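S.K.: In my numbering, the protein residues as written are 1 to 158.
So that we are looking at the same thing, I have put the structure below in structure tokens.
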């Protein structure tokens with residue numbers, strides 16, 4: 001009898017553990033998405049999916065890494081308009097640590113698959129969503145995959 005490897009097992013082998021965070025209704029300001037603790041991790045992918053249509057008020061979204069220890073937070077992407085985005089709209093990040101790009105719609109040129117050509121190695125801290133205005137409705141579920149770089153390191157939904 002043959003044993004078939006399941007899709008979740010393949011994903012874990014290739015990309016590491018998967019963690020998701022639903023934002024609830026998106027709103028102006030900063031929302032903590034994920035917490036990194038116990039050491040460094042390698043962030044291998046990051047994908048957002050609209051689960052409730054985003055409102056029509058103009059709003060820009062950016063994702064920010066904020067380290068716990070002394071250090072400077074940095075943007076994972078440039079602020080990008082998410083105004084009136086529909087359910088199932090998918091976001092990924094273009095660029096890498098040296099040159100962060102905009103949030104991209106799946107299927108666009110570049111990092112549309114959500115995988116990083118140069119993975120982010122992040123120490124303890126938080127991944128946050130920052131909106132420039134309240135779009136009056138909408139929700140996004142963010143999903144990341146990561147590999148612990150240090151023994152005991154982990155990433156969890158905030």
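Glycine is no exception: its CB is placed at the ideal position from the N, C-alpha and C atoms.
Every value quoted in this text rests on a predicted model; they were computed, and no experiment measured them.
Measure the CB-CB distance between residue 159 and residue 16 and report whether it falls below 8 Å.
M.R.: Outside the displayed range of the chain (1 to 158) lies residue 159, so it cannot be described from this structure.
S.K.: If I follow the unbroken beta strand (DSSP E) through residue 48, where does it start and stop?
M.R.: Looking at the DSSP string, the run of the beta strand (DSSP E) that includes residue 48 is 41-52.
S.K.: Once you ignore the five residues that flank residue 48 on each side, which residues in its own chain have a CB closer than 6 Å to its CB?
M.R.: Once the five neighbours on either side are set aside, the close Cβ partners of residue 48 are 91, 140, 142.
S.K.: Cutting at 8 Å between CB atoms, please list the residues of its own chain near residue 34, excluding the five before and the five after it.
M.R.: Excluding positions up to five away in sequence, the list reads 19, 21, 126, 127, 142, 144, 155, 156, 157, 158.
S.K.: Given a cut-off of 8 Å, decide if residue 85 and residue 54 are closer than it, judged by their beta-carbon atoms.
M.R.: Contact: yes.
S.K.: Just to confirm the assignment, what range does the beta strand (DSSP E) spanning residue 129 have?
M.R.: Per DSSP, residue 129 belongs to the beta strand (DSSP E) from 125-131.
S.K.: Buried or exposed for residue 73, going by 16 or more other Cβ atoms inside 10 Å?
M.R.: Exposed.
S.K.: Distance check for residue 137 and residue 26, CA to CA, integer angstroms please.
M.R.: One C-alpha to the other measures close to 6 Å.
S.K.: Between the alpha carbons of residue 38 and residue 148, how many angstroms are there, rounded?
M.R.: Rounded to the nearest angstrom, the two C-alpha atoms are 9 Å apart.
S.K.: Kindly indicate which residue of 87, 80, 131, 42 has the alpha-carbon position closest to the one of residue 118.
M.R.: Taking only the C-alpha atoms, the option nearest residue 118 is 42.
S.K.: Is it buried or exposed, residue 76, if we count other Cβ atoms within 10 angstroms and call 16 or more buried?
M.R.: Answer is buried; the Cβ neighbour count reaches 16.
S.K.: Under 8 Å by Cβ, that's how I've got residue 46 and residue 93 pegged, so tell me the actual separation to the nearest angstrom.
M.R.: Indeed, because the Cβ distance is near 6 Å, the residues count as touching under 8 Å.
S.K.: May I have the straight-line CA-CA distance separating residue 109 from residue 70, to the nearest angstrom?
M.R.: Per-residue confidence for residue 109 stands at a pLDDT of 40, beneath the threshold of 50, marking its modelled position as unreliable; no derived number is given.
S.K.: Can you give the Cα-Cα distance for residue 134 and residue 31, rounded to whole angstroms?
M.R.: C-alpha separation (whole angstroms): 12 Å.
S.K.: Checking 8 Å against the spacing of the C-beta atoms, do residue 87 and residue 50 come in under that value?
M.R.: Yes, they are a contact pair.
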